[in-house]
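Right, one structure below, let's go through it.
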Amino acid sequence: MSVTPFPGPGGGLRALGSRLEGTMVLPGDPGWDAARAAWQLAVDQRPAAVVLVRSAADVAATLETARACGLRVAPQSSGHNAAPLGPLDGTILLRTVEMAHVHIDPVRRLARVGAGAVWGEVSAAAAKHGLAGLAGTASDVGVVGYTLGGGLSWFARSHGLAANHVTGATVVTADGRVLRVDADHEPDLFWAIRGGGGAHAIVTELEFALFPVTEVHAGALYWPIERAGQVLTRWRDWTATVPDTVTSLGRLLRFPPLENIPPTFRGRSLVAIEAVAQLGHEAAGTLLAPLRELGPELDTIAPIPPSRLDLLHLDPPGPTPAVGDGLQLSALTDETLAALLAVAGPDADVPLLTVEARHLGGALAPGALPGGAVSSLDAAFTMFSGGIAADAASSAAVHAALDALAAALAPWRAPLSYRNFRERPDIGLAFEPDHVRRRLRQVKQAYDPGDVIRANHPIDPSP
4 MSVTPFPGPG GGLRALGSRL EGTMVLPGDP GWDAARAAWQ LAVDQRPAAV VLVRSAADVA
64 ATLETARACG LRVAPQSSGH NAAPLGPLDG TILLRTVEMA HVHIDPVRRL ARVGAGAVWG
124 EVSAAAAKHG LAGLAGTASD VGVVGYTLGG GLSWFARSHG LAANHVTGAT VVTADGRVLR
184 VDADHEPDLF WAIRGGGGAH AIVTELEFAL FPVTEVHAGA LYWPIERAGQ VLTRWRDWTA
244 TVPDTVTSLG RLLRFPPLEN IPPTFRGRSL VAIEAVAQLG HEAAGTLLAP LRELGPELDT
304 IAPIPPSRLD LLHLDPPGPT PAVGDGLQLS ALTDETLAAL LAVAGPDADV PLLTVEARHL
364 GGALAPGALP GGAVSSLDAA FTMFSGGIAA DAASSAAVHA ALDALAAALA PWRAPLSYRN
424 FRERPDIGLA FEPDHVRRRL RQVKQAYDPG DVIRANHPID PSP
């Protein structure tokens with residue numbers, strides 16, 4: 004696509020608006036604040052413009068304008084992991100929320116979804132055919148961004164990362180080309196988008212495998228947080244015995260005393276174990292017996308369809324002002340648990356609503372499944388923690404608590420991080436081994452040497 008000269012950024016942006024199927028919103032326009040808002044409300048996004056695209060042609064036109072005006076383009080669907088983008092000066096925020104089509108092919112067991120689709124839409128559509136995708140815990144997370152970053156689902160130990168099961172995509176490159184990428188077309192780019200993040204091209208449509216799962220045993224067990232040491236130790240020991248058809252996490256929860264929180268949880272601090280077992284009733288009961296022996300105060304584990312798994316993790320039902328971050332652990336020893344509980348356990352005063360450790364292994368282990376840039380998580384457990392950041396003071400308090408937690412767990416920290424759980428600006432921790440990072444940079448240099456496409460976790464195109 005040829006580059007049309009514009010009289011400068013302002014004039015170029017105004018000209019773009021007349022070329023779009025979608026909508027462009029500039030600072031001061033009606034709807035500006037709504038258009039620029041991420042799901043993560045603690046992030047105050049202030050781009051040069053927001054473009055609400057409806058087609059690959061809109062994306063190509065936006066990239067053409069950005070190049071002509073000396074701007075960059077940051078694609079975004081829901082904006083769950085918006086903080087690492089940093090300030091958006093000189094950047095067009097390209098929102099894909101209006102590209103939310105979902106098509107299910109029940110014969111081939113494939114989903115083809117637009118860049119704005121969220122997991123709740125895909126799960127509901129797939130369930131009509133007795134199928135399930137590798138969805139995250141929250142129904143309003145964008146499918147494309149989640150998958151490009153790896154995608155850790157409740158079926159992760161049996162099926163690996165969502166990125167492992169991508170079969171193809173439609174992308175727009177920085178120079179405005181609309182390409183089909185798969186194993187036979189643009190294989191280097193296909194490799195990069197499977198787990199390597201969104202820095203190489205803008206994905207407008209994604210195709211991936213679905214699985215014939217119609218029922219699982221899933222739910223949570225809750226105890227008062229004072230029993231955290233006993234419960235988490237039992238859970239840690241239990242994870243060493245479970246089959247790959249079981250994915251679980253241990254979690255410390257501190258609920259604020261808000262009216263919209265159910266009375267069972269309101270204002271309380273609890274320790275919980277959440278589990279999803281692809282097992283029959285008798286096998287699941289036998290498997291869970293060691294946890295139930297501890298006498299949970301509340302037990303919600305029951306047979307449910309996969310489309311209801313988005314209720315399990317108690318994720319916020321809508322946009323929320325929060326700060327969170329993740330890390331990975333090579334081991335969860337007695338010493339690790341003691342360090343964790345010292346800074347976030349029952350005797351700690353911390354502003355973290357959740358501190359959780361997810362059991363990895365199985366199909367997530369290195370070499371277990373083929374895939375793209377990131378096809379596994381080389382750790383024993385991955386953690387995510389976060390708290391509400393309604394103002395500057397509460398945000399600072401949550402950041403301090405996350406730093407303290409990371410420092411306490413440093414002796415057991417795995418060398419690599421998980422891209423989707425890193426929600427603060429990069430601090431130099433890698434998401435992939437050096438040789439993979441070098442190849443990602445080579446692909447970036449081949450497809451976006453000017454670094455026009457801006458991702459929340461960037462890839463430097465420099466040689």
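Under the working numbering, read the sequence shown as residues 4 to 466, first letter to last.
No residue lacks a Cβ here, since even glycine has one placed at the ideal position from N, Cα and C.
- Excluding the 5 residues flanking it on each side, residue 87 has same chain C-beta neighbours closer than 8 Å at 425, 426, 427, 428, 429, 459, 460, in chain order.
- When 75, 90, 435, 95 are compared, the shortest CA-CA separation from residue 29 is found for 95.
- Shown here for residue 308: same chain residues with a beta carbon closer than 7 Å to its own, the five before and five after excluded, namely 130, 217, 218 in chain order.
- For residue 91, there is no enclosing beta strand (DSSP E), as DSSP marks it with neither H nor E.
- For a cut-off of 8 Å, the C-beta gap from residue 44 to residue 289 is around 44 Å, too long to register as a contact.
- In the DSSP assignment, the residues bridged to residue 250 are 279.
- For the alpha helix (DSSP H) assignment, the uninterrupted runs of no fewer than 4 residues enclosed by the region 173-222 are, from N- to C-terminal side, 190-196.
- At least 8 Å separates the beta-carbon of residue 58 from that of residue 148.
- Residue 225 has 275, 301 as its beta-bridge partners, per DSSP.
- Around the beta carbon of residue 254, 16 or more other beta carbons lie within 10 angstroms, which makes this residue buried.
- Using a C-beta cut-off of 8 Å, the region 265-273 makes no contact with the region 356-369, since fewer than three inter-stretch Cβ pairs fall below that distance.
- Note that the region 103-115 does not touch the region 36-53; fewer than 3 beta-carbon pairs, one per stretch, sit closer than 8 Å.
- Apart from sequence neighbours up to five positions away, the residues of its chain that approach residue 407 with a beta-carbon distance below 7 Å are 346, ordered along the chain.
- Counting of Cβ neighbours within 10 angstroms places residue 75 among the buried residues, the total reaching 16 or more.
- Residue 313 and residue 143 have their C-alpha atoms some 9 Å from each other.
- Boundaries of the alpha helix (DSSP H) harbouring residue 67: 59-72, taken from the DSSP string.
- Counting of Cβ neighbours within 10 angstroms places residue 465 among the exposed residues, the total staying below 16.
- Here residue 375 really is in contact with residue 193; their C-beta atoms are around 7 Å apart, less than 8 Å.
- Around the beta carbon of residue 109, fewer than 16 other beta carbons sit within 10 angstroms, so the residue counts as exposed.
- The secondary-structure analysis by DSSP pairs residue 329 across a beta bridge with 387.
- If you look at residue 359, you'll find it in the beta strand (DSSP E) that goes 357-362.
- If you check the CB distance, residue 68 and residue 15 come in under 8 Å.
- With a minimum length of 4 residues, the unbroken runs of alpha helix (DSSP H) contained wholly in the region 368-430 fall at 395-411.
- In this structure, residue 19 and residue 64 form a Cβ contact; the two beta carbons are roughly 6 Å apart against a cut-off of 8 Å.
- The shortest CA-to-CA distance from residue 128 to any of 178, 118, 113 is the one to 113.
- CA-CA distance, residue 421 to residue 331, rounds to 7 Å.
- Listed in chain order, the non-local C-beta contacts of residue 273 below 6 Å within the same chain comprise 225, 228, 256, local neighbours out to five positions each way being set aside.
- Shown here, residue 140 sits in coil according to DSSP, grouped into three states, outside any helix or strand.
- Shown here for residue 158: same chain residues with a beta carbon closer than 6 Å to its own, the five before and five after excluded, namely 137 in chain order.
- In the DSSP assignment, residue 287 falls within the unbroken alpha helix (DSSP H) covering 284-295.
- The alpha-carbon separation between residue 235 and residue 405 amounts to approximately 20 Å.
- Sequence-distant Cβ neighbours of residue 293 in its own chain, meaning closer than 6 Å and more than five residues away, are 241.
- Residues of the same chain with a CB within less than 6 Å of the CB of residue 400, apart from the 5 flanking positions on each side, are 354 in chain order.
- Comparing alpha-carbon positions, the option among 56, 46, 348, 414 lying closest to residue 21 turns out to be 56.
- At least 8 Å separates the beta-carbon of residue 282 from that of residue 361.
- Closest option to residue 335, judged by alpha-carbon separation, among 296, 396, 239: 239.
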